Structure formats: C-alpha cells, structure tokens
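Notes to accompany the following structure.
Residue numbers (full-length UniProt numbering): 1 to 412.
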C-alpha cells in the first residue's frame, strides 16, 4: 500500500500557525465506556435496537437519546471566507474547524464542520435539508451575498431547527450590543441615533434590520452600497436592497458615502472599502465609528479617533473588537436548551442586550463590549435567548436542561 505524501515548505514547517493546524484542530470522542462486552451490548447491539424502536414509535424521543440535542452543523460553500473571498470548500475547512472549536469552548455546543462542493443555491438547500435530521441546528458560514439571504430564508422555513447565518446575525448582534453601550456612555438616545451603514451585503443588511428591530428609527438610517446611497427611487434595486430602501432613508438622500455621513452620529462599516477623512469630517460631533472590515478597517483607528468619541473594529489588536464569538455560542446554547424551532428577532435582540449588560457598569470609550474570552458572556446570552424563545412561543421545552460542559476560559 502506498500513501500520498508531499514535502512541506521548510518555512511553513517552522511556522507555529501551521504547527497548530497540523491534522486539524478537533477530534471526536465517546461519551460512554466501551471496555467490556456489557458496554458493547448497551452502546451497540443488541441494546441500541431498543432505542431505535422507541424513536421509530415516537420521534419526540429523538433529541433525548441522540447527540442532536447538543450538536450543530457548521456549513459553508467556501464562497466568502473571511476577507479571502471565494477560495472554495477545502480552503475553507480550517475556518469551519475553528468555528467548531469556538462553539465547544465557549458554549459547550458540539459541532461538525461541513464544506460543500457546490455553490448552487438549490444544491446547498437540498443538501442541508437532507442532512438536517443529524443535527439540532444549522450554522451557515461564509456564504456570499445575495445567495446567503435566500438560502437562510428557505432553510429556516423548511426546517424545524434553528438556522442561523453567523456572518449576518452574529455580526449584527454584537454590533447592536456595542452601539447600545456606546450610546449609553455618551448619553445619547439610542432610538434617535442617525446611523449610516456602509455595505449592503450579508452583515450590512442584518445590522440594518437588527438596529431597526431594537429601536433605531429606520427613517434615521442610511445604507450605502458600491453604487451609493440606497433610496427608493433607485432603479437597480431588488431583493433585500429593495426591502432596505423601503424602510430606511425616508428623506430620500442621494449621493455617496460623503453625502450619507453629513450629520450622522454613527458609521458602521462592513464594506471592505476605504472611507476618507473628508467624508468623516461631515459627521456630527462626538460621533461613533465602527470600522469592521477585516483585516483592513474602512477607517484606521488613528484616523477615526480624530472624528469620533468611540471607535471599534473587528480586529483583536485594537480596543472594542466586534467579535462574533460573543454571540453565536450563547445563541445556539440557549436555542438548543429549549429546543427552539427557529431564532427570532427577539432572541437576537435579547442576545445583544445580554452582551451589553455584562460590561454596562464598567464602560469606558475603549471597553464597550466584553472580551471574547470573558466567561460570563455565553451563559448570559444563552439564558436571555432561551427566555426570549419561550416568550416568542418557539420553544419546545421550557424546563431547564442539564447544562452542557463548557471549557473554562480566562478573561483577557
């Protein structure tokens, strides 16, 4: 027998990043003993047949007697991976493995990374629907817009388990938490904030909808895409952009980012472009700038601080990192705990409010969100999401389950 092998570049062989990723970042282990014949007879045949027969008679037993009650699929087609773009499924796998270990570390949620060798909308939907019985939830990851909107919407409608596109909603939840605290720190009325969102992709659309759901007046929001301000009179809008045009920019402002920022209190950048000082100069005094593109923010923090009282980015080497890991482990933990059938707007807003509350009494301009390593975050988010699911009537269980083990982490 021969095995395929290759020589790794010596420079990579000495690189700690490649050392860490060798053979992947995760594995699978048994939760039951398999040391004796009796163990085998209980875990496998003949004992397992009794459980199969019981589930066949009553499918309601399925999550109680399988791993599905605590397991999520992390699914991508590799079309929009980090800031790397459409690099394909195999190159996306290290990111999906990373997402899975974050689920386990911070939420005690088991997950399986799945990379699909198709970028066809119908093919993705059919594949995820077919494998959905193996999981308690579906986390869609790094799927490009606008395809991601239809994929999530149709899967959410078709499945009775939570479907969550983290690039949309995880980013939106943490952005909402940060903006809540920024407004509080500056003594601003959250509902009256004049917000400009630069970028109308997955994150931009979700942030816009989530801020409106949380109380920001849609009339006070402006969304800018690569062609300029989105407004109802533009003839090139369809799908989600047309929906955004119907609920934002009621005054019908036109132009580009410079015109959009005139008098704005808040800039949320999720576009990956560059926003110059001349545009920022038009913002209201004491502004808030969240420049979230990775790895290069739309506005470098040193420039942003010339125009803003509070600045956040998506990077870990600057203060106020807007990091999705603050949201998705706790959101799925809470949804799984009550066996929610979906994740509602109320659940997302509850998650954001829980994140914001963690540091609400210790706010500083350079600390408006908790550290991603803060062990208080995921349990607080899970409890808030579970309660919101019950209030919204999407929970199938209201009794508190036995908590899943969560690896201990130390705050930064």
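Every residue, glycine too, gets a C-beta built ideally from N, C-alpha and C.
These numbers were taken from a predicted model, which means no experiment stands behind them.
Query                                                                                                                                                                                            : Result
Any contact of the region 85 to 101 with the region 184 to 192, i.e. 3+ C-beta pairs under 8 Å?                                                                                                  : no
What is the DSSP secondary structure of residue 93, counted as helix, strand or coil?                                                                                                            : helix
Taking Cβ positions, are residue 230 and residue 212 nearer each other than 9 Å?                                                                                                                 : no
Just the Cα atoms here: how many angstroms apart are residue 293 and residue 168?                                                                                                                : 13 Å
Counting pairs of beta carbons, one from the region 168 to 185 and one from the region 313 to 332, are three or more of them closer than 8 Å?                                                    : yes
Which residues in the same chain have their Cβ closer than 6 Å to the Cβ of residue 25, if we skip the five residues on either side of it in sequence?                                           : 97, 101
Nearest CA to the CA of residue 104: which residue from 332, 241, 226?                                                                                                                           : 332
Run the CB neighbour count on residue 106, radius 10 Å, all protein chains shown included, and call it buried at 16 or more, exposed below.                                                      : buried
If we call anything under 9 Å between Cβ atoms a contact, is residue 135 one with residue 73?                                                                                                    : yes
Roughly how many angstroms lie between the CA atoms of residue 234 and residue 247, to the nearest whole one?                                                                                    : 14 Å
With the cut-off set at 9 Å, would you say residue 298 and residue 144 are in Cβ contact?                                                                                                        : no
Does the distance from the CB of residue 367 to the CB of residue 377 come in under 9 Å?                                                                                                         : no
Give me, in chain order, the residues of the same chain whose beta-carbon lies closer than 7 Å to that of residue 340; leave out the 5 immediate sequence neighbours on both sides.              : 162, 389, 394, 395
Select from 361, 338, 82, 386 the residue whose C-alpha is nearest the C-alpha of residue 184.                                                                                                   : 361
Answer yes if the region 248 to 265 comes into contact with the region 216 to 227, meaning at least three C-beta pairs across the two stretches below 8 Å, and no otherwise.                     : yes
List the endpoints of the continuous beta strand (DSSP E) containing residue 165.                                                                                                                : 163 to 165
Only counting runs of 3 or more residues, tell me where the beta strand (DSSP E) segments fall wholly within the UniProt domain "Malic enzyme N-terminal" (23 to 156), in order along the chain. : 71 to 76, 110 to 115, 137 to 140
Can you check the region 293 to 366 for any alpha helix (DSSP H) of at least 4 residues that lies completely inside it and give the ranges in chain order?                                       : 301 to 304, 328 to 337, 345 to 358
By the three-class DSSP mapping on this structure, what secondary structure does residue 247 have?                                                                                               : helix
When burial is assigned at 16 or more other CB atoms within 10 Å of the CB, is residue 265 buried or exposed?                                                                                    : buried
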